[in-house]
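Let me begin by presenting the structure, written as structure tokens, before commenting on it.
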Amino acid sequence: MTVGSSPHPSLPATIQWLEARLAYLDSIGDFEASYALTAEHADWLLGCPDALRQPLIVPPAIASLNS
Numbered sequence: 005m006t007v008g009s010s011p012h013p014s015l016p017a018t019i020q021w022l023e024a025r026l027a028y029l030d031s032i033g034d035f036e037a038s039y040a041l042t043a044e045h046a047d048w049l050l051g052c053p054d055a056l057r058q059p060l061i062v063p064p065a066i067a068s069l070n071s
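Using the numbering used here, the final residue of the sequence shown is 71, and nothing's skipped along the way.
If you want it as structure tokens, here you go:
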């Protein structure tokens, strides 16, 4: 499969929506939903060749949970 034939043609728009949704969920303290949404999209993103060039930026609130 080539990048041009990716099953995820709207990767930038999807990542933008995902980052905004995660930020919102974190802002209201719904960390469980935020984690679930991240996990749900992980397989989708990892299966997309473009994901290697456009990695998902982890919101600071989630990143701080690993500290």
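The C-beta atom is built at its ideal place from N, Cα and C for all residues, glycine as well.
- Short of 7 Å from the beta carbon of S38, and not among the five residues preceding or following it, lie these beta carbons of its own chain, in chain order: L26, L29, D30, I66.
- Contact between L22 and H45 holds: their C-beta atoms lie close to 6 Å from each other, under 8 Å.
- Every unbroken stretch of the alpha helix (DSSP H) spanning 4 or more residues and falling wholly within the stretch 10–52 is given here in chain order: 15–31, 35–50.
- In summary, L49 is buried, with 16 or more beta-carbon neighbours lying within 10 Å of its beta-carbon over all protein chains present.
- C-alpha of T42 to C-alpha of Q20: approximately 13 Å in a straight line.
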